[in-house]
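Colleague:
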Amino acid sequence: AWETLEAICSIPKSDYVEEKEESYVDCSKRTKTFLMKHDLWNIVETTTEPTTPAWSKKNALALYFIRESFGTAVFDLIEKISMAKIAWDTIAEMNKSSADPDSGSYLSPENTHALSF
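As numbered in the UniProt record's numbering, residues 1 to 117 make up the sequence shown, in order.
#1: Whole angstroms are fine: how far does the CA of M83 sit from the CA of F65?
#2: Determine the contact status of I91 and F75, defining contact as a CB-CB distance below 7 Å.
#3: Tell me the start and end of each unbroken alpha helix (DSSP H) in the region 29 to 96 that is at least 4 residues and wholly inside, in chain order.
#4: Which of helix, strand or coil does DSSP assign to I11?
#5: Give the single residue among A73, D39, T72 and E68 whose Cα lies nearest to the Cα of H57.
#6: For L77 and E3, I'd like the C-alpha separation in whole angstroms.
Okay, structure coming up:
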């Protein structure tokens, strides 16, 4: 657990949190790129759950970064989810209409009404 916390604290929040209003499409692209850069995207794509300490650490990291990247409005909806893949898929499902970049759906706390649930 301490290694996971250390890994989280070693990355500046500005690397994975965008302070300005952002569409679901932009946020998901940015978050996917971040997870790939840190070798965590395979956790989101994995369909089975290996029960190894290394997998658990990567899952915890990916889940943390997903929760933080998508903001408070989304965090409240996925806070009880314990697998990064399920959290990612849940966010995507909630924002299906946002797949169109021109849809205008945004993920900021100020615009939670714009999320498609």
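Beta carbons: idealized from backbone N, C-alpha and C, even for Gly.
Modeller: Looking at the atomic coordinates:
#1: Distance between the alpha carbons of F65 and M83 is about 12 Å.
#2: Annotated as distal: I91 and F75, with beta-carbon spacing of 7 Å or more.
#3: 41 to 45, 53 to 78 and 84 to 94
#4: coil
#5: Sequence inspection shows Lys at residue 57; the His mentioned does not correspond to that position. When each option's Cα is compared against that of K57, the closest is D39.
#6: 27 Å
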